[in-house]
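Written out below as structure tokens is the structure these notes cover.
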Amino acid sequence: MSIDKNVEHVLHKLHLQQALSLIAVHSGLKPSAIIESVEIDIWPKFVAAIKQLNICISYKTLGGIAIISRGFSAFINHEKWKKLLATGEHAKNITNINDPPKPESANGIDYQEIYAAKTVETALEVARVYTLLQKQPRLQRQETERKLGLLLGYPRCCVDNYVAKGPLAAWHSYWNTLIQKGLDHQIPVELWATYHAPCTPNCRRTLQLGAEYLD
């Protein structure tokens with residue numbers, strides 16, 4: 624993929640797995656991604672890069688949720704966001720604005736949990752499902768976890784395994800298998816690139832996705 628210097632600079636500032644996820648969204652290999660950390664001082668360049676890559680983002684900000692895409696910026700206030708969480712009806716809750724507020728920062732160093740997708744609807748849906756997941760008790764999260772995993776483009780076999788075992792057991796089982804196979808110090812880069820808990824280290828779909836992300 625040919626990219627300009629600003630996009631390249633921004634990608635180098637992100638964690639490599641996050642940069643790969645962003646490129647995968649741009650390339651259509653992945654429907655959406657959650658960018659876990661963007662340094663505050665590169666935010667203007669990050670927004671410019673997002674627009675150049677023709678990606679939409681949504682994120683929590685003071686007073687609600689902001690949305691940015693190449694030719695569109697919008698805001699959803701807290702009251703409307705509560706309705707969206709309950710109904711999933713995006714279009715009725717969006718107000719166009721020219722200058723979207725920046726994300727909130729908990730530490731003054733970075734902005735966290737930026738939701739990226741090819742469409743505004745998907746970027747908002749990832750934000751909605753992820754927010755619902757954080758509010759639900761552990762024993763009530765299974766279907767929401769499944770929906771989020773599929774929204775993020777993880778293989779269904781891996782999503783089903785993650786939901787069935789739960790986050791801790793799914794990761795423990797994966798790492799335990801890597802250790803048993805002697806792969807814990809030489810993990811195939813394809814497994815690392817996909818940024819999810821594979822159902823097994825031999826998961827064909829995960830290895831294929833990882834190879835495509837790195838291509």
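Following the numbering used here, the numbering of the sequence shown begins with 624 at its first residue and continues without gaps.
Think of the CB as a built atom: it goes at the ideal place given N, C-alpha and C, for glycine as much as any other residue.
Given the structure is predicted, the values throughout are model-derived calculations rather than measurements.
Just measuring C-alpha positions, the residue of L707, K636, I691 sitting nearest N721 is I691. Under the three-state reduction of DSSP output, Y777 falls in the coil class, being neither helix nor strand.
Boundaries of the beta strand (DSSP E) harbouring I688: 687 to 692, taken from the DSSP string. A direct Cα-Cα distance of roughly 21 Å separates K703 from L771. For the pair H819 and K741, the CB atoms are not nearer than the 9 Å cut-off.
Going by C-alpha positions, E744 is about 7 Å away from H713. The secondary-structure analysis by DSSP pairs C679 across a beta bridge with A740.
If you look at A656, you'll find it in the beta strand (DSSP E) that goes 655 to 658. Three or more beta-carbon pairs separated by less than 8 Å link the stretch 821 to 833 to the stretch 794 to 803, which places the two stretches in contact. The bridge partners DSSP lists for E662 are D733.
With contacts defined by Cβ atoms closer than 9 Å, I658 and I732 do not form a contacting pair.
Of the candidates A672, A787, E813, L652, A787 places its Cα closest to the Cα of Q763. Take the alpha-carbon of E766 and the one of F669: they are about 32 Å apart. Straight-line spacing of the CA atoms in L830 and R769 works out to 20 Å.
When the alpha-carbon of G776 is set against those of R828, P760, H701, F698, the nearest one is in R828.
Contact check for F698 against G687 passes: the beta carbons are separated by less than 9 Å. DSSP, reduced to helix, strand and coil, places A820 outside both helices and strands of the structure shown, so it counts as coil. Straight through space, the alpha carbons of Q809 and Y682 are spaced by roughly 35 Å. Close CB contacts of L643 within its chain, under the 6 Å cut and outside five residues either way in sequence, are with A816, Y836 (chain order).
As the crow flies, the alpha-carbon of L652 is around 8 Å from that of L832.
Inclusion of K636 and I665 in the CB contact set at 9 Å is warranted, their separation being smaller than that value.
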